[in-house]
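In this text, residue positions in the sequence shown follow this note's numbering: the first is 1, and each later residue adds one.
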Amino acid sequence: MLKRSPCHPSLVPGAICVAILPSKPDSQPSLVPAMQRASRLKRELTLLATEPPPGITCWQDGDRMDDLHAQILGGANTPYEKGVFKLEVNIPERYPFEPPQIRFLTPIYHPNIDSAGRICLDVLKLPPKGAWRPSLNIAAVLTSVQQLMSEPNPDDPLMADISSEYKYNKPVFLRNARQWTEQHARAEQQATEEETPEDPAVAGGSEEHSTAQKRRARQLGGVEKKFCPDV
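Take a look at the structure:
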């Protein structure tokens, strides 16, 4: 924007100065970031459909690309073997500058996953406390969750009682984790469930998860304690 005004008296008499003022911001927000986000999500979902990581599936819920569902198969030689674990994946508006928000819908007995299905994992948090970076993607994060299932981190727990059990009474932990897998995550059980918003495993999964975890905490004689920050 140009604005004409008399010049300072010390300058040439009668001269007209032209000031360049900053333009007002466009009232319409830029669509470029949203388009870039949508384009990236489309590429990621296509790759997840055509070349999924072993033991992992992920798909969008209807037409929304920011509301995703995922399944992770329990790894061989782990207490989660033969289990199918459902997760929800929410993509924030600032993705990929913020990490996806992921939680378990299927109850799981694990020191780094709490009664609401929340996960204590560095790639799900921003620096400096986390390790998320824009070069990561949904497939990489789900693979990290899968690895956490096989290799729990008892030194950064969400469930202190389960962490203590894992560290100091491993046979009991393995037995309890297998029982939970058998009860909640067996593949033949989930194969018969309908993939709808009213699916009890989806709509009521967190309630079932919370009840089971709290019941187990009472059996262990303690309360549900959480150490992992920012979860």
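Where a beta carbon is used, it is the ideal one built from N, C-alpha and C, also for glycine.
Close Cβ partners of residue i (< 6 Å) along its chain, the five nearest in sequence each way excluded
i	result
Pro92	Glu98
Gly75	Ser150
Which residues DSSP lists as bridging residue i, in chain order
i	result
Thr57	Gln71
Gly83	Arg186
Val89	Leu68, Ile102
Ile119	Ile113
Beta-carbon contacts of residue i that lie in its chain and below 7 Å, excluding the five residues immediately before and after
i	result
Asp78	Reading off the sequence, residue 78 comes out as Thr, not Asp. Excluding sequence neighbours, Thr78 sits near Met149, Ser150.
Ile113	Phe104, Ile119, Leu158
Pro53	Ala139, Leu142, Thr143
Tyr95	Arg37
Leu45	Gln60, Met65
Val145	Ile72, Ile102, Ile119, Leu121
Val231	Arg118, Cys120, Leu158
His90	According to the sequence shown, residue 90 is Asn rather than His. So the qualifying residues of the chain are Asp66, Asp67, Pro100, Gln101.
Inter-residue Cα distance where the pair is residue i and residue j
i	j	result
Ile108	Ile102	14 Å
Tyr80	Gly117	15 Å
Leu68	Leu121	19 Å
Ala156	Asn137	Just to set this straight, residue 156 is Asp in the shown sequence, not Ala. One C-alpha to the other measures close to 23 Å.
Glu188	Asp66	The predicted position of Glu188 is uncertain, since its pLDDT is 46 and thus under 50; a value taken from the coordinates is nonetheless stated next. In a straight line, the C-alpha of Glu188 is about 29 Å away from that of Asp66.
Arg64	Cys58	13 Å
Arg43	Asn169	45 Å
Leu51	Ile72	Note on identity: in this sequence residue 51 is Glu, with Leu being the wrong assignment. Distance between the alpha carbons of Glu51 and Ile72: 15 Å.
Gln147	Leu48	17 Å
His35	Leu41	In the sequence as presented, His is not what sits at residue 35; that position holds Met. In a straight line, the C-alpha of Met35 is about 10 Å away from that of Leu41.
Pro100	Val123	9 Å
Ile56	Cys228	25 Å
Thr181	Trp132	29 Å
Ser307	Thr106	Because residue 307 is not part of the residues shown, which for the chain are 1 to 231, the question remains open.
Nonlocal neighbours in the same chain, by C-beta distance under 8 Å from residue i, ignoring five residues either side
i	result
Ser27	Only weak support is given to the placement of Ser27: the predicted model assigns it a pLDDT of 43, under 50, and the value that follows is read from those uncertain coordinates. So no residue of the chain qualifies.
Asn153	Pro111, Asn112, Cys120
Neighbour-count burial assignment, residue i, 16 or more Cβ in a 10 Å radius
i	result
Ala185	buried
Val172	exposed
Ala70	buried
Glu198	Note that Glu198 scores 43 on pLDDT, short of 50, meaning its location in the model is unreliable; the coordinates nonetheless yield the value given after this. Answer is exposed; the Cβ neighbour count stays below 16.
Lys86	buried
Glu88	buried
Gly83	buried
Gln183	exposed
Gly62	exposed
Pro134	exposed
Ser115	buried
Pro33	exposed
Thr196	Any reading at Thr196 needs caution, since the residue's pLDDT is 41, under 50, leaving its predicted position unreliable; the model's value is listed next. Burial call: exposed.
TODO: Please determine if the segment 137–148 and the segment 171–185 are in contact, where contact requires at least 3 C-beta pairs separated by less than 8 Å.
DONE: no
Open item on the list: For the structure I just gave you, are there three or more beta carbon pairs, one from the segment 149–168 and one from the segment 127–136, closer than 8 Å?
Closed with: no
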